[in-house]
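Residue numbers (our numbering), protein chains in the order written: chain A, 1 to 213; chain B, 214 to 426. Please read the structure below before turning to the comments.
Number of protein chains: 2
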Amino acid sequence: MPRSIPSITVSRLVAYLRVLTDLELQQVDYVTSDELGAAAGVSAHQVRKDLVHAEAPGTRGRGYTVALLRRELSSLLGLTRPWNAAIIGMGRLGQALADYPYYGNSSFNVKTGFDIDPSKIGQRLTSLPVYAMDELPQRVKELELDIALLTVPVSAAQSAANSLVEAGLRGILNFTPTVLAVPPQVRVEQVDFVAGLKRLAFYLQPDVAPASG
Amino acid sequence: MPRSIPSITVSRLVAYLRVLTDLELQQVDYVTSDELGAAAGVSAHQVRKDLVHAEAPGTRGRGYTVALLRRELSSLLGLTRPWNAAIIGMGRLGQALADYPYYGNSSFNVKTGFDIDPSKIGQRLTSLPVYAMDELPQRVKELELDIALLTVPVSAAQSAANSLVEAGLRGILNFTPTVLAVPPQVRVEQVDFVAGLKRLAFYLQPDVAPASG
DNA sequence: ATATGTGAATTGATTCACAGCG
DNA sequence: CGCTGTGAATCAATTCACATAT
């Protein structure tokens, strides 16, 4: 039975998981939908509806068991197995991602970088080895890569994505401001901070009414 | 008459604007809702509904005038005036953002950085000057800063946000995986790539049905 | 002919209200 | 008594269908 959860709900589940991880660190045992909602910026109603997807029953009168719910969400979101990632494009952003400390105790292992620039290949600009793009197919198999963090220039984004798909990667975290064309079995998630700036600009205008979201 | 457009619509308008900017560069004169939708990854119906908000009538039988629609969306989104931004937290990510080339011909000017680490202050790690956090209030006024790119460690995020609000900034682009508590006149947009990775992980699981979004 | 613009229909998501359980 | 779990009701967003303009 293939599960199917709307993308917007998945986003909130990710947010709950983050809060629960914090709470567990602080050794909090129980949390109510009210508290969880406040910390994640949504209503208690919303939290309870979302948690239907998790198989972690709460205790009426008391709330949810933090440890149990955290484990359950973690499992639901596929974070109990390791995922291997590579950074495609070792420019400034790629390098920053390579040394980003907050993958933390998470299930993501950033294994390597790729670049077309010969001057970046082989060296260790960061703590990661960097390979040439045409080594992608063999390295994907060798390192069992699942996910690409795509940080190439806009002009190279689609052709890089094509290579990724061909090499067998199934998830792309796309940092370029481009809508990538990929086959349906490949999932793309967008991380576009310039688009974020533009959304901000809209809402900062004096005659625009604040709308949540 | 304060305009009010749902956040999800604003996101799509930003995407259309990007496509239109490309088309204008390629000297394309007209674009249909069909083409625009394909390039932005949404349906033609959706495009036409969204463009109700823009005052740029299309030509029946022909489509929209690229230049006109681009200008209109740009104005609607508040991108015809300059916005001044500062980077809060000059770690790796902050430095990468400081030197990011694609603000391009956009209306965002990243003026300066701030940090609490004395070793980062004053120097020019990047092309930007870096000030101490306690200079924030005066610099916000002096440089007429509008927007903060928040790239401090998670543990410092809320207190930094408080300082930003107090100093009078009204827009925060939040790179930390935290839900910031801010007064209603302050807008926060989230850029959380680890959350993006986690959403990817969910959809990469073999028993999860692909849902769009 | 062709593609926009928009009311109506549909689908989906959120909020409500309250029964049920601890 | 407090808080979860969930059907029902509301609200919002998307899709459809077609009249309308060029």
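Note that beta-carbon positions come from the ideal geometry of N, C-alpha and C, so glycine has one too.
Any Cβ of chain A closer than 7 Å to the Cβ of B:GLN336 would place that residue at the interface, and such an atom is absent. Neighbours of B:GLU248 in chain A, taken as residues whose beta carbon is under 9 Å from its own, are absent, since the nearest beta carbon is some 13 Å off. Interface residue (Cβ-Cβ distance to chain A less than 7 Å): B:ALA370 is not classified as such. Taking 9 Å as the upper bound on Cβ-Cβ separation, chain A lies near residues ARG400, VAL401, GLU402, GLN403, VAL404, ASP405, PHE406, VAL407, ALA408, GLY409, LEU410, LYS411, ARG412, LEU413, ALA414, PHE415, TYR416 of the segment 399-416 of chain B. Contact note: B:ARG305 reaches chain A through GLN95, ALA96, ASP99, TYR100, using a C-beta cutoff of 8 Å and chain order. For A:PRO206, the closest C-alpha among the options B:ARG294, B:ARG284, B:LEU377 is that of B:ARG294. Leaving aside the five residues that flank B:LEU289 on each side, the residues in its chain whose CB is nearer than 6 Å to its CB run, in chain order, ALA267. When the Cα atoms are used, B:LEU236 and B:ARG225 turn out to be separated by approximately 17 Å.
Using a 10 angstroms sphere on the CB of B:ASN318, the tally of other CB atoms stays under 16, which defines it as exposed. In this model, A:VAL208 and B:SER287 are separated by some 15 Å (Cα to Cα).
Within the same chain, LEU249, ALA252, ALA253 come within 7 Å of B:VAL232 by CB-CB distance, once the 5 residues on both sides are set aside.
Rounded to whole angstroms, the gap between the alpha carbons of A:LYS198 and A:ARG60 is 44 Å. Just so you know, the alpha carbons of A:ARG139 and A:SER155 end up roughly 24 Å apart. Under the three-pair Cβ rule at 8 Å, the segment 90-104 of chain A counts as touching the segment 144-162 of chain A.
Between A:THR112 and A:PRO101, the C-beta gap is not smaller than 7 Å, which leaves the two residues out of contact.
Here A:ILE116 has MET133 as same chain residues with Cβ atoms under 6 Å from its own Cβ, once five neighbours each way along the sequence are excluded. The C-alpha of B:LEU356 lies about 45 Å from the C-alpha of A:VAL66.
Cβ-Cβ distances below 7 Å link B:PHE321 to TRP296, ALA298 in the same chain, with the five nearest sequence neighbours on each side left out; the list follows chain order.
Inside the segment 123-182 of chain A, DSSP marks whole beta strand (DSSP E) runs of 3 or more residues at positions 130-132, 147-150, 171-174, from first to last along the chain. With a beta-carbon spacing of about 6 Å, A:VAL191 and A:LEU173 fall inside the 8 Å limit used to define contacts. For chain A, the residues of the segment 376-397 of chain B that bring a beta carbon within less than 7 Å of one of its beta carbons are ARG383, GLY384, LEU386, PRO390, VAL392, PRO397, in chain order. Of all residues in the segment 348-363 of chain B, the ones placed with a Cβ closer than 7 Å to any Cβ belonging to chain A are ASP359, ILE360, in chain order. Looking at the backbone, the Cα of B:SER246 and that of B:TYR277 are separated by about 8 Å.
Within the DSSP secondary-structure output, A:THR21 pairs in no beta bridge.
Following the DSSP letters along the chain, one finds B:GLY409 inside the alpha helix (DSSP H) bounded by residues 406-417. A:SER43 is classed as exposed because its beta carbon has fewer than 16 other beta carbons within 10 Å across all chains shown.
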